Each structure stands twice: as C-alpha cells, then as structure tokens.
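Count the sequence shown with our numbering and you get residues 9 to 305, in order.
Glycine residues also receive a C-beta, built at the ideal position from the N, C-alpha and C atoms.
None of these values were measured; they are calculated from a predicted model.
Here's the structure, in structure tokens; my notes come after.
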Amino acid sequence: MKKWKSIYWISLTLCLLLAPATAAMAKPIVFVSIVPQLYFVDRIAGDLVDTRVLVKPNANPHMYEPTPSQMAALSKAKAYFAIGITLEEAWLPRINGANPSLRIVSTQEGIKKIPMATHEGHADKHEHEEHEHGTLDPHIWLDPVRAQTIARNTCQGLIKADPQNKNTYEANLAALLSEIKNTDNTITKIMHRIPSDKRSFLVFHPSWGYFADRYNLNQMAIEAEGKEPGPKDLAQIIKLARENGIKVIFVAPQFSQKAARVIANEINAQVVPLDPLSEDWENNLLKAAQAFEASLN
C-alpha cells in the first residue's frame, strides 16, 4: 500500500510541475473572420500560432453568428485579425467586451475601397464619389496588390501579439510578398489575352470587384445590396447580358443560384462556380483568371 501511495504522490507532483511548462508551450490562439485569411496567417506564422476561423467554409459571412464554442475560444484568444466585413461591426465589440485583452488587428488598414458593383457594372467617377459613404466592397483579398497590404498588416499584428518570433514572421512575410507578386504577374499575362471589347462578366454576388479593378474587367452583378432581383431587375439584367454577349454566369457556393439559372436559361449561358472564400488563395485566384479567360474569349 505504501508503495502505491508513493507512486501516486510522485505522479501528482510530476503533473503539477509539468502543468506550467505545458501552459507555456501552448500556442497562442488567434482568430480570423473568413477562410481566405487563413492563407496569410498560415504562411506568415506557420505552426507558431493556433489559427481559428470565425465563418466556417461555405457559410454566408453576411448571415453568420458565432457559436457558443467559438465565443468560449475567443475569450482566450490573443489576437483577432479583422478584414472589414459587416459581421465584424456587429460582433467585435461584444467579443472585445468578453475578452478586453484581445488585440484586434485591422488588416484592411491603408486599403482604399471601391463601391459594390451594380447590374450595370462600373460606376463612373461621379457615382464613385456619391458611393464613398455608401456600400463599399469588402472583398479586398481578391486583388493581389491589396492582398500585399493585408499580408503586411497581418505580419505586424502577429509581431505585436508574439514579439519573440518577430524575425520568423518578417522572413516569412518577405517570401509571401514575393509569391503574391509572382501570382499577380501570372494573372496579368492571362488577362492580357482577353480582347478589350469582351471584358464584361456577370456574377450573382458582386465579390470580384477588386479583381476586376486590378485587371481592367467590368463586373456586373445580379444581386444588389444583398437582395435578389425582382422581375424588373431580371429583365434589365437579361437585356444587359445579351448586349454584352454574356455566355457564362459565375456563382459562389455561399449563395442561392436560382436567379442565376433563370437568367442563364434566358440567354443560353452556363452557370460556373467561382468561390471568393477559398482557403487556397493563390491557386483560387489563378483558377479564377483561367475561368475568366475561357469565358470571355
């Protein structure tokens, strides 16, 4: 009996001694809002942090609410990497209230936003000025130039949350920026193969405005400000699609495809999936470029 008691107390003592070391070794928890942000955090931080995403894959960021388990994890998180989506406006104050020490990093800082696309596509300069204080497009990660700013802001946030790994984060950022620039160069070459008079495309949800802005395309949207089109809007979109020779309608898996298929049937077009929220940021943008080239040529 004495032998077993000795073993028990030795085991308990070892557990107590090892507990602080285990806690010290635990990776800091950091949160991002959407799946594409995982690419930037993972490439810069690697396995130095435990990265969680708030809006799960294929969920609609405009409708999402954090789960109780996510709120529990957020109460222990070291940093939250915001990107300027509507969900953050509603939830970040509550999250910060539950975890006052949480460092909120605005990865969109320094990025000039553009208005959301309409059925007609590009807004002219006057319309752009009128929309400056209206609905601005949050999909900034879909432009490689703006993505470089996201990467830099992400790196600075990681350094502030975990300064002991500053050198690693900065080295990984440099490598990531080089890869993003190479991706941009590759897409530019692909986009140059699209004729100047065939650069309009139709999407359900206007996610690809920054991509269009970067590569001189014209995005036309079926949905407007989160609302599906009514009969008059549908008629107008069908007319514009015919005038622009649209043969492909791009849809995201997070949204209904009903209106897109109605229009596709009217203009004899294909419905092609294109995900703006893919985790594989680089390959997804290259895939998008190839899809645009194939549909617009």
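Reducing DSSP to helix, strand and coil, say where Leu-225 ends up.
Note: Leu-225 maps to coil in three-state DSSP.
Is Ser-83 closer than 8 Å to Ala-106 when the C-beta atoms are compared?
The answer is yes: Cβ separation under 8 Å.
When you compare only the Cα positions, how much space is there between Gln-227 and Ala-302?
For the pair Gln-227 and Ala-302, the Cα-to-Cα distance works out to about 16 Å.
Identify the continuous beta strand (DSSP E) that holds Gln-278 and give its terminal residues.
Its beta strand (DSSP E) spans residues 278 to 281.
For Asp-132, does the three-state DSSP call read helix, strand or coil?
Reliability fails at Asp-132, whose pLDDT of 40 lies under 50, so the model's placement of it is uncertain and the value that follows must be treated cautiously. Secondary structure of Asp-132 (DSSP, three-state): coil.
Identify the residues that DSSP records as bridge partners of Val-322: which are they?
As shown, the chain starts at 9 and ends at 305. That puts residue 322 outside it, with no answer to give.
Just mark Ala-29 as buried or exposed, buried being the case when its beta carbon has 16 or more other beta carbons within 10 Å.
No answer about Ala-29 holds up, because its pLDDT of 42 lies below 50 and its placement is not dependable.
Look at the Cβ atom of Leu-46, then the Cβ atom of Val-40, and state whether they are nearer than 8 Å.
Contact flag set, yes.
Use the C-beta contact count for Ala-34: other C-beta atoms within 10 angstroms, 16 or more gives buried, fewer gives exposed.
Counting the other Cβ atoms within 10 Å of the Cβ of Ala-34 gives fewer than 16, which makes it exposed.
Helix or strand or just coil, what does DSSP make of Tyr-72?
Under the three-state reduction of DSSP output, Tyr-72 falls in the coil class, being neither helix nor strand.
Complete beta strand (DSSP E) runs within the region 81 to 135 (minimum length 3 residues, chain order):
The qualifying runs are 87 to 90, 111 to 114.
Rounded C-alpha distance that separates Ile-167 from Asn-175
C-alpha of Ile-167 to C-alpha of Asn-175: approximately 9 Å in a straight line.
Please report the distance separating the alpha-carbon of Leu-62 from that of Gln-78.
Those two C-alpha atoms are separated by around 7 Å.
Which term fits Arg-154, buried or exposed, when burial requires 16 or more other beta carbons within 10 angstroms of its beta carbon?
Under this definition Arg-154 is a buried residue.
Classification of Ser-204 by the beta-carbon crowding that lies within 10 angstroms, buried from 16 upward
With fewer than 16 other Cβ atoms from the protein chains shown falling within 10 Å of its own Cβ, Ser-204 counts as exposed.
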